[in-house]
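Heads up, the thing below is written out as structure tokens.
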Amino acid sequence: MEEPSPVSGGPRLDQDQGQVQKADSSRGRRKERVGMVVSDAQDKTVTVSVETLVEHPLYKKRVRRSKKFLAHDENNEARVGDTVRIIETRPLSRRKRWRVARIISRAE
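Numbering (my numbering), first residue to last: 987 to 1094.
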């Protein structure tokens, strides 16, 4: 089964379980992403790199795209290499609009 292309506004792949990501229905339409922490140098903030698979419009090959998000980590629990689930939230600073929902797996 082919996943819809994120460029066309379709759902994105959940790298955690290989399924389509869902919004948190209990609190409205909040987006969720799964990614890897690439930096934890700031206080209460982590940089999360999220990879998605996009189908090339002409060649139809799936291409890996990545984007970095700044996420709020209240207790400074996430470390570099951890896989985390982030959820959309209100603006917390100039670039920070996400927060760490939970840590899926720890770096080894």
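All C-beta atoms, glycine included, are put in the ideal place defined by N, C-alpha and C.
For PRO1077, the closest of THR1038, ARG1065, ARG1085 by C-alpha to C-alpha distance is ARG1085. Taking C-beta atoms as the reference points, VAL1066 and VAL1034 fail to come closer than 8 Å. For ASP1068, the closest of VAL1024, SER1079, ALA1087, ARG1081 by C-alpha to C-alpha distance is VAL1024. By the criterion of a C-beta distance shorter than 8 Å, LYS1053 is surrounded in its chain by SER1035, VAL1036, THR1038, once the five residues flanking it on both sides are discounted.
If you draw a 10 Å sphere on the C-beta of GLY1014, you find fewer than 16 other C-beta atoms in it, and that means exposed.
Inter-residue distance for GLU1060 and VAL1040 is about 32 Å (C-alpha atoms, whole angstroms).
Looking at the DSSP output, LEU1078 sits in no beta bridge, so it has no partner there. Here ARG1048 has LEU1039, GLU1041 as same chain residues with Cβ atoms under 6 Å from its own Cβ, once five neighbours each way along the sequence are excluded. Secondary structure of GLY1067 (DSSP, three-state): coil.
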